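Trainee: In this note's numbering, the protein residues as written are 88 to 335.
Sharing a structure with you now.
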Ligand code: PGA
């Protein structure tokens with residue numbers, strides 16, 4: 088099994104001064120891979136301050152170059168030192184009109200530049216209450232499959248982020264997360280994606296208090312962490328939680 092992976096998603100937060108304090112306080116832990124996805128303008132600063140943590144971005148253009156004002160290509164992110172890029176975060180889907188097919192094209196763009204796409208999927212509360220969790224996730228994954236196929240999925244990370252858990256303080260229970268992660272693993276195995284190296288992260292209100300229980304689940308291979316990644320001590324505590332219960 089690969090090491091567990093914990094990725095901070097700063098979202099629209101940070102300043103040069105605050106980033107220096109935050110990254111200065113993080114450090115690294117043996118036994119867990121740590122990464123941080125920062126806003127574009129801070130990539131260079133973060134690259135210079137990271138000491139063993141991997142660098143990532145929060146979205147990417149589906150295009151490589153040309154007349155696309157405001158866009159940032161995967162090749163540019165790679166050149167700035169990124170290893171990861173989040174695609175299909177529910178905030179991008181809900182607020183910036185990204186649909187399933189576009190998420191697939193963005194994942195393909197990331198892979199083209201040898202970045203690792205962190206493909207986010209997850210259901211809304213209404214979809215959960217209607218018993219449609221795996222149907223929704225299957226649709227989201229299926230659209231990405233159209234763009235990147237088996238080979239692409241074998242190089243990607245998947246993040247299960249139930250929309251109702253993001254930023255709400257109401258994380259999925261360990262059992263709820265495990266059930267969906269197992270379903271995603273089954274979906275991949277039905278399509279003969281080699282599972283040994285695939286990491287499926289859980290995201291949505293993970294904090295130092297609930298991380299150990301989530302990471303102890305057999306199919307939870309790490310986390311995508313929003314709010315709790317903005318305070319160094321809290322982020323480190325979440326990362327450390329991968330190592331309780333032999334989690335690494
Ligand atoms: P949260 O965000 O940890 O603040 O809920 C997670 C995410 O959106 O990736």
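Ideal Cβ positions, reconstructed from N, Cα and C, are used throughout, including at glycine.
All figures in this text were calculated on a predicted structure; none of them were measured in a lab.
1) If I'm right that residue 190 touches residue 175 with Cβ under 8 Å, what's the distance once you round it to whole angstroms?
2) Run the proximity test for residue 292: is its beta-carbon closer than 7 Å to any non-hydrogen atom belonging to the ligand PGA?
3) Assuming contact is defined by CB atoms lying nearer than 8 Å, are residue 258 and residue 293 in contact in what I supplied?
4) Check each candidate in 99, 109, 103 and 116 and name the one with the smallest Cα separation from residue 90.
5) Considering only C-alpha positions, which residue in the set 318, 327, 286 and 143 is nearest to residue 107?
6) I'd like the list of long-range same chain contacts for residue 291, defined as Cβ closer than 7 Å, with 5 residues on each side in sequence excluded.
7) Does the ligand PGA have even one heavy atom less than 7 Å from the beta-carbon of residue 96?
8) Let me know the secondary structure DSSP gives residue 247 once reduced to three states.
9) Could you have a look at residue 92 and say whether DSSP puts it in helix, strand or coil?
10) For residue 142, which three-state DSSP category applies?
11) What distance in whole Å lies between the Cβ atoms of residue 324 and residue 295, which are believed to be in contact at a cut-off of 8 Å?
12) Am I right that residue 123 and residue 133 are in contact with their C-beta atoms under 8 Å? What's the rounded C-beta distance?
13) Relative to the C-alpha of residue 354, which candidate in 288, 212, 144 and 304 has its C-alpha closest?
14) Pair every Cβ in the region 196–207 with every Cβ in the region 158–172, then say whether three or more of these pairs are closer than 8 Å.
15) If you draw a straight line from the C-alpha of residue 280 to the C-alpha of residue 241, how long is it?
16) Check the C-beta distance from residue 111 over to residue 142 and give it rounded, since I have them as a contact under 8 Å.
17) Whole angstroms is fine: what's the gap from residue 118's alpha carbon to residue 202's?
18) Whole angstroms is fine: what's the gap from residue 322's alpha carbon to residue 129's?
19) Quick one, which of 99, 235 and 225 has its alpha-carbon nearest residue 274's?
20) Given a threshold of 16 other Cβ atoms within 10 Å of its Cβ, counted over all protein chains shown, does residue 338 qualify as buried or as exposed?
21) CA-CA distance, residue 297 and residue 104?
22) According to the Cβ coordinates, are residue 205 and residue 144 closer than 8 Å?
Mentor: Short version:
1) Within the chain shown, numbered from 1, the residue matching residue 190 stands at position 103. Within the chain shown, numbered from 1, the residue matching residue 175 stands at position 88. At roughly 4 Å, the Cβ-Cβ gap stays under 8 Å, so residue 190 and residue 175 are in contact.
2) To locate residue 292, count along the chain shown from 1; it is residue 205. Answer for residue 292: yes, Cβ within range of the ligand PGA.
3) By 1-based counting over the chain shown, the position of residue 258 is 171. By 1-based counting over the chain shown, the position of residue 293 is 206. Contact: yes.
4) Sequence index remark: in the chain shown, residue 90 carries index 3 (1-based). Nearest C-alpha to residue 90: 116.
5) Locating residue 107 in the chain shown gives position 20, counting from the first residue. Ranking 318, 327, 286 and 143 by Cα distance to residue 107 puts 318 first.
6) As a first step, residue 291 is located in the chain shown; it is residue number 204 there, counting from the start. Once the five neighbours on either side are set aside, the close Cβ partners of residue 291 are 248, 249, 252, 253, 258 and 259.
7) One-based indexing of the chain shown puts residue 96 at position 9. Checking every heavy atom of the ligand PGA against the Cβ of residue 96, one is found closer than 7 Å.
8) As a first step, residue 247 must be located in the chain shown, where it is residue number 160. Residue state, collapsed to three classes: strand.
9) By one-based count along the chain shown, residue 92 stands at place 5. Of the three classes helix, strand and coil, the one that applies to residue 92 here is strand, per DSSP.
10) Position 55 of the chain shown, counted from the first residue, corresponds to residue 142. If DSSP states are grouped into helix, strand and coil, residue 142 belongs with the strands.
11) As a working note, residue 295 is residue 208 in the chain shown. As a working note, residue 324 is residue 237 in the chain shown. Residue 295 to residue 324, Cβ: 4 Å. Contact.
12) Your numbering for residue 123 matches position 36 in the chain shown. Your numbering for residue 133 matches position 46 in the chain shown. Going by Cβ atoms, the distance from residue 123 to residue 133 rounds to 7 Å, so yes, they are a contact pair.
13) This structure leaves residue 354 out entirely; the chain is present only between 88 and 335.
14) yes
15) Sequence index remark: in the chain shown, residue 280 carries index 193 (1-based). Sequence index remark: in the chain shown, residue 241 carries index 154 (1-based). Each residue's Cα considered, the two are about 6 Å apart.
16) Position 24 of the chain shown, counting from 1, holds the residue named residue 111. Position 55 of the chain shown, counting from 1, holds the residue named residue 142. No, residue 111 and residue 142 are not in contact; Cβ-Cβ is about 15 Å, not under 8 Å.
17) On the chain shown, residue 118 is found 31 positions in, with the first residue counted as 1. On the chain shown, residue 202 is found 115 positions in, with the first residue counted as 1. Residue 118 and residue 202: Cα-Cα distance of roughly 22 Å.
18) Start at 1 with the first residue of the chain shown, and residue 322 comes out as number 235. Start at 1 with the first residue of the chain shown, and residue 129 comes out as number 42. Between residue 322 and residue 129, the C-alpha separation is close to 19 Å.
19) What you label residue 274 is simply residue 187 of the chain shown in a count that begins at 1. When only C-alpha atoms are compared, the closest one is 225.
20) With the chain covering 88 to 335 only, the question about residue 338 has no answer from this structure.
21) Counted from its first residue, the chain shown places residue 297 at position 210. Counted from its first residue, the chain shown places residue 104 at position 17. Distance between residue 297 and residue 104, taken at the CA atoms: about 29 Å.
22) Here the question's residue 205 lines up with position 118 in the chain shown. Here the question's residue 144 lines up with position 57 in the chain shown. No, the pair does not count as a contact, with Cβ atoms beyond the cut-off.
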